[in-house]
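Let me begin by presenting the structure, written as structure tokens, before commenting on it.
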Amino acid sequence: MSFFDKQQNLKPERDENQSTHPPKLTRRTLLGGAATVAVAVVQTSWTKGVQIGIPEQPDDPTRRMGIPPGEVGTRSPFEKVVRKASDISSRTPLQDLHGTITPSDLHFERHHNGVPAINPATYELLIHGQVERPTVFSLADLKRFPSVSRIAFLECSGNFRTGKETMSPQEICGLTSQSEWTGVRLSTLFREVGVKPDSADGRPGWFLAEGGDAAVMSRSIPLRKGWDDAIIAYAQNGEALRPEQGYPVRLFLPGWEGNTSVKWLRRLEIGDQPWQTREETSKYTEGIKGGKIRQFSFDIDARSIITFPAYPVQVERGWIEIRGLAWSGRGKVVLVEVSTDAGKRWQRADLQEPVLDKAHVRFRHLWQWNGAETEIMSRVTDETGYTQPTFAQLIDARGADTGGYHFNPITAWQIKPDGRVLNRPENWR
Ligand SMILES: Nc1nc2c(c(=O)[nH]1)N[C@H]1C(S)=C(S)[C@@H](COP(=O)(O)O)O[C@H]1N2
Ligand SMILES: [Mo]
């Protein structure tokens with residue numbers, strides 16, 4: 001049946017809530033399904049609108065003055081897009097987003113002792129230790145240096161959950177988000193205070209990054225990363241950092257586990273060995289085969305996930321654009337493959353340009369679903385040649401006790417004959 005045939009089938013809607021007006025076209029009307037279904041969807045979204053407190057809608061918005069501009073924008077009240085939050089973290093609703101930039105108010109949050117209130121006027125960053133000129137920088141000082149902006153993801157290395165079929169991308173791996181970060185290169189400040197490129201005996205140097213929150217969260221970072229691409233960030237997506245993201249200043253280490261991007265940064269100390277802080281000894285280490293524990297797993301391993309179709313959506317047979325995100329902390333994504341037959345055959349997905357270094361990349365793959373039960377999944381390969389592993393490969397490499405960090409398995413979605421999309425039970429542990 002063609003699009004035009006379907007239009008003929010649409011009958012004018014008549015009920016108590018709506019006076020007679022031309023039937024509205026919905027995406028559903030355009031893409032398939034019986035005409036009666038299309039009408040039902042219009043009514044459903046209308047009813048929802050009333051329930052969530054939308055002011056009474058004129059039948060024709062062109063006949064009534066709209067609301068005037070406000071000081072800050074708002075999200076349409078029809079868009080029920082939220083971070084799901086616990087006491088210690090909130091998660092980006094990956095299944096509701098498009099493109100690659102995470103709206104700042106939907107960036108995931110992870111804090112070890114809450115969000116501190118820091119006055120930017122009295123804020124100070126101390127850089128000391130093995131430097132020629134120990135220095136205290138105000139926020140204004142930091143903003144005077146040459147600045148840099150960079151689009152990159154931030155992911156918590158504890159970003160993996162599974163255990164039931166009814167889990168969305170947000171629940172499985174919502175601790176990853178992407179922003180444009182602006183600040184001063186740490187290498188600029190290193191030169192300013194006189195950090196020597198290497199310690200005298202050639203050992204790699206380290207620096208300690210310390211937060212000014214109630215957790216006083218601290219991590220030891222190889223100096224190399226500071227010289228390479230570390231940013232002392234004061235802005236995110238064009239505005240000052242959000243308090244939840246470290247206002248007024250955070251360390252941002254592109255591609256490295258989120259924990260090292262210390263928020264509410266107040267102190268950097270230069271030294272020649274790691275400080276062995278809590279976050280790099282009892283936490284943020286993971287088991288490897290043979291009962292050993294690996295420390296300082298800084299890089300985020302390449303990962304991808306299909307964000308559409310994914311739980312909780314229900315799909316209809318016909319053309320479906322499979323969409324998802326892929327990223328690697330080690331560089332650029334070079335290949336994303338999608339399987340629509342439970343991993344038997346893989347096809348190259350399209351990557352949205354520009355493909356940026358250490359950044360979320362949007363991939364897409366057109367698929368015609370015939371209505372039969374199947375599984376869909378994606379896997380990414382980065383420029384180092386690393387390919388995203390299966391759950392079984394990860395368990396095998398780590399031994400039984402995975403510790404839960406740096407767990408980036410291929411995520412598969414079951415497509416049920418009725419169109420429900422569910423997390424695959426084989427991923428359970
Ligand atoms: N000072 C401080 N920095 C911190 C944390 C914290 O609790 N305190 N949490 C870390 C962890 S575990 C992660 S994953 C990231 C989360 O950054 P976000 O909340 O901006 O997403 O910040 C890191 N930096
Ligand atoms: Mo984290």
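Residues in the sequence shown are numbered consecutively from 1, following the UniProt record's numbering. All C-beta atoms in this analysis are idealised placements derived from N, C-alpha and C, irrespective of residue type, glycine included.
Residue i - containing beta strand (DSSP E), residue span
| i | result |
| --- | --- |
| residue 430 | It is not possible to answer for residue 430, since the shown part of the chain is limited to 1 through 429. |
| A412 | 412 to 415 |
| Q273 | Premise fails: Q273 is in no beta strand (DSSP E) and is neither H nor E. |
| K80 | Here K80 belongs to no beta strand (DSSP E), and DSSP marks it neither H nor E. |
| L366 | 361 to 369 |
| W327 | 318 to 327 |
| H128 | 124 to 129 |
| R91 | 89 to 91 |
| I405 | Reading off the sequence shown, one finds Tyr at residue 405, where the question assumed Ile. Careful: Y405 lies outside any beta strand (DSSP E) and carries neither H nor E. |
| M377 | 374 to 382 |
| I300 | I300 -> no beta strand (DSSP E), and no H or E assigned at all. |
| E337 | 333 to 339 |
| L422 | 421 to 423 |
| G287 | 286 to 288 |
| L236 | For clarity, residue 236 is Gln in the given sequence; the question names Leu instead. Note, Q236: beta strand (DSSP E), 231 to 236. |
| E280 | Unbroken run through E280: none, as it is neither H nor E. |
| F252 | 250 to 252 |
| W206 | 206 to 211 |
| residue 486 | Residue 486 lies beyond the range of the chain shown here (1 to 429); nothing can be said about it. |
Cβ-Cβ separation, residue j to residue i (assumed contact under 8 Å), whole Å
| i | j | result |
| --- | --- | --- |
| L175 | A209 | So it is not a contact: roughly 20 Å between Cβ atoms. |
| R421 | V355 | One point to set straight first is that residue 421 is Val, not Arg, in the sequence displayed. Incorrect: roughly 27 Å between the Cβ atoms, too far for contact. |
| T374 | T340 | 6 Å |
| W206 | Q273 | 6 Å |
| S149 | E180 | 6 Å |
| N113 | A214 | 4 Å |
| G258 | C156 | 4 Å |
| V315 | A326 | The pair is not a contact, with the Cβ atoms about 21 Å apart (cut-off 8 Å). |
| R379 | S304 | 6 Å |
Delimiting residues of the alpha helix (DSSP H) encompassing residue i
| i | result |
| --- | --- |
| P169 | 169 to 173 |
| S187 | 186 to 193 |
| I395 | 391 to 398 |
| A140 | 139 to 144 |
| K225 | 223 to 228 |
Among the options, nearest to residue i - alpha-carbon criterion
| i | options | result |
| --- | --- | --- |
| Q245 | Q352, Q388, S89 | S89 |
| E171 | A310, I288, R144 | A310 |
| M377 | Y386, A214, I306 | I306 |
| M217 | K143, L106, T260, K80 | T260 |
| I288 | G318, G205, E353, Y405 | Y405 |
| E353 | V334, P389, W346 | V334 |
| P389 | Q347, N370, A302 | A302 |
| P243 | R110, S220, I293 | R110 |
| V82 | K143, H112, W346, S104 | S104 |
| residue 431 | R317, T281, P134 | Residue 431 lies beyond the stretch modelled for the chain, which goes from 1 to 429, so this question has no answer here. |
| G183 | Y247, F78, A117, R63 | Y247 |
| R266 | K196, E124, T92, D418 | E124 |
| P254 | R278, G226, E280, L241 | G226 |
| G385 | G70, W413, G331 | G331 |
| D418 | D59, W256, G371, R63 | G371 |
| P169 | F108, L142, W346 | F108 |
| residue 431 | A152, K292, S177 | Coverage of the chain is limited to positions 1 through 429, which leaves residue 431 absent and any answer about it impossible. |
| A117 | V195, T162, P77, K263 | K263 |
| R91 | R75, M167, L241 | M167 |
| N408 | W346, L241, G329 | G329 |
| P134 | D96, S86, E165, G194 | G194 |
| Q414 | F308, R161, V72 | F308 |
| F137 | I151, T122, S147 | T122 |
| Q95 | A342, G324, R348 | G324 |
| Y284 | E239, L223, R219 | R219 |
| A140 | A342, L366, V249 | V249 |
| G290 | R398, I320, R64, P61 | R398 |
| G343 | T411, E383, P93, L351 | T411 |
| N319 | A240, R364, E383, V72 | The sequence given here has Trp at residue 319, not Asn. Nearest option by C-alpha distance: R364. |
| R423 | E279, A349, R161 | The residue you asked about is not Arg; residue 423 is Asn in the sequence shown. Of the candidates E279, A349, R161, the one whose C-alpha sits nearest the C-alpha of N423 is R161. |
Using 8 Å as the cut-off, can you tell me whether the stretch 382 to 398 makes contact with the stretch 185 to 195, which would need three or more C-beta pairs spanning the two stretches below that distance?
no
Validate contact between the stretch 91 to 102 and the stretch 357 to 365 using beta carbons, cut 8 Å, 3 pairs:
yes
Any chance the stretch 290 to 302 sits against the stretch 230 to 248, with 3 or more Cβ pairs inside 8 Å?
no
Does the stretch 263 to 273 come within contact of the stretch 120 to 129, defined as at least 3 CB pairs closer than 8 Å?
yes
Among all residues, which have a Cβ less than 7 Å from at least one non-hydrogen atom of ligand 2, and in what chain order do they fall?
Qualifying residues, in the order they occur: R110, C156, S157, G158, L175, E257, G258, N259.
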